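**Q** This is the structure I have questions about; it appears just below.
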Ligand SMILES: Cc1ncc(COP(=O)(O)O)c(C=O)c1O
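Numbering (the numbering used here), first residue to last: 149 to 574.
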């Protein structure tokens with residue numbers, strides 16, 4: 149893969165400094181191609197859950213490939229429009245999914261006519277008070293589902309998302325009384341740790357929605373959400389997309405039969421498009437040790453200049469990301485090391501899981517100056533980065549298959565961090 153080329157990464161590190169993100173446009177196009185093939189069925193449409201990676205460059209690739217958008221804030225809708233996705237509902241290229249209208253969300257929905265996908269019954273009244281009449285989608289909590297970790301569970305009694313499935317009829321009446329037509333039913337049940345479980349849950353969801361069809365005479369579409377998994381531990385492992393395609397085709401036929409007219413089936417993966425397409429490159433600044441004592445075992449710490457302000461997934465969910473030493477992928481003498489970042493936070497560790505704060509990783513013996521590539525960082529990577537510790541976000545670079553590289557966002561400065569501060573009296 150070109151974006152793993154050691155000479156290129158060394159050169160880029162010297163040019164823009166570390167850490168930096170590098171996207172592989174060729175790989176992104178391959179993943180988009182796979183989803184297009186997966187949804188190449190009559191009445192089946194793919195969206196991109198843009199929260200996974202909202203860079204304009206990525207959104208433009210999606211627009212060019214005819215992939216629609218799932219946006220989750222007013223500003224995400226505006227970013228999708230900025231990247232060239234169409235406003236309006238004919239067809240509803242941008243769908244706005246939320247459990248809460250925050251900031252400009254309501255205004256943006258009204259102004260640009262994007263389809264609101266309502267996750268809480270009171271949002272129907274909020275829309276009505278704002279003067280909205282027309283098409284809506286309902287996000288349903290189907291009562292089951294399984295995230296990749298418990299904190300990502302998106303269906304079931306403990307999930308905050310959506311309208312409880314047994315309350316769907318009441319929500320339909322509330323919407324009708326407010327002059328709104330429910331044109332879509334939606335649920336996102338998460339990918340779960342097992343593919344078989346995902347298939348089973350998606351089939352169950354389609355069946356649940358088929359049973360609800362009589363409540364919604366204006367129904368045009370059903371969204372089965374995102375959640376196509378990416379195997380972080382074995383990036384080469386193939387997800388059996390053919391089996392999903394079969395399921396989507398069957399769901400489309402079943403729902404259309406239940407409705408007595410064509411019902412569109414939508415999916416909205418995020419991670420699958422982008423996870424493997426970006427690498428976070430960071431430099432080792434030092435290697436230090438602690439010694440075993442009565443509190444526990446000593447460890448070797450490779451200190452690096454990236455932290456959870458850049459990639460928060462390990463600190464937040466205990467997620468595993470492959471790490472390689474640039475230019476030393478071939479091996480050599482190895483050592484178990486903890487890879488830790490610059491933040492004034494003990495949890496700023498990349499080699500951990502959800503139970504253990506440190507989980508040393510066997511890597512070629514490291515020294516200050518080495519470059520590390522943290523793999524599969526394209527989904528919920530830069531998108532979740534922050535300015536904590538007043539560290540500016542690292543630059544994002546974009547590599548084309550011809551080898552050309554563009555900087556698509558620069559390193560943030562203190563001026564960027566200070567620019568929203570005011571002394572305005574209220
Ligand atoms: C409503 C909704 N749709 C789609 C997604 C995308 O999920 P994934 O990136 O796992 O495909 C999410 C993720 O949490 C979501 O909440």
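Idealized CB from N, CA, C, for every residue including glycine. Since we're looking at a predicted model, the values are computed, not measured.
Helix, strand or coil for residue 342 per DSSP?
**A** It is coil, neither helix nor strand.
**Q** Return the residue from the list 531, 161, 448, 567 that minimises the CA-CA distance to residue 513.
**A** Cα-wise, what sits closest to residue 513 is 448.
**Q** Does the Cβ of residue 408 lie closer than 7 angstroms to at least one heavy atom of ligand 1?
**A** Not under cutoff, so the answer is no.
**Q** Is any non-hydrogen atom of ligand 1 found closer than 7 angstroms to the C-beta of residue 178, if you look at the structure I gave you?
**A** False, no ligand heavy atom lies under 7 angstroms from that Cβ.
**Q** Rounded to the nearest angstrom, how far is the Cβ of residue 575 from that of residue 225, given a contact under 8 angstroms?
**A** Beyond the ends of the chain as shown, which are 149 and 574, falls residue 575; an answer cannot be given.
**Q** Anyone know if the C-beta pair for residue 453 and residue 431 falls short of 8 angstroms?
**A** Their beta carbons are under 8 angstroms apart, which means residue 453 touches residue 431 by this criterion.
**Q** Which one or two residues does DSSP pair with residue 247 in a beta bridge?
**A** BP columns for residue 247 are empty, so no partner.
**Q** Using only alpha-carbon positions, find the residue among 485, 525, 277 that is nearest to residue 515.
**A** Selected option, being the one with the closest Cα: 485.
**Q** Less than 7 angstroms between C-beta atoms, sequence neighbours within five positions excluded: which residues of the same chain meet that for residue 565?
**A** Result list for residue 565: 535, 538, 540, in chain order.
**Q** Is it the case that the CB of residue 401 approaches a heavy atom of ligand 2 more closely than 7 angstroms?
**A** Ligand 2 is not among the ligands present in this structure, which contains only ligand 1.
**Q** Report back the beta-carbon spacing between residue 389 and residue 175 to the nearest angstrom; my notes put them in contact at under 8 angstroms.
**A** In fact, because the Cβ distance is near 16 angstroms, the residues do not count as touching under 8 angstroms.
**Q** Since residue 532 is in the beta strand (DSSP E), which residue starts that stretch and which ends it?
**A** Counting along the chain, residue 532 falls outside any beta strand (DSSP E), and DSSP gives it neither H nor E.
**Q** Taking all protein chains shown into account, decide if residue 642 is buried (16 or more other Cβ within 10 angstroms of its Cβ) or exposed.
**A** There is no way to answer for residue 642, as the model of the chain reaches only from 149 to 574.
**Q** Once you ignore the five residues that flank residue 379 on each side, which residues in its own chain have a CB closer than 7 angstroms to its CB?
**A** Taken in chain order, the residues that qualify are 385.
**Q** Answer yes if the stretch 391-406 comes into contact with the stretch 364-376, meaning at least three C-beta pairs across the two stretches below 8 angstroms, and no otherwise.
**A** Result yes; three or more Cβ-Cβ pairs closer than 8 angstroms.
**Q** Should residue 500 and residue 471 be called a contact, given that it needs their Cβ atoms to be closer than 8 angstroms?
**A** No, Cβ-Cβ distance for residue 500 and residue 471 is not below 8 angstroms.
**Q** Sorted by chain position, which residues of the same chain lie with C-beta nearer than 7 angstroms to residue 569's C-beta, five sequence neighbours on each side aside?
**A** Here the set comprises nothing.
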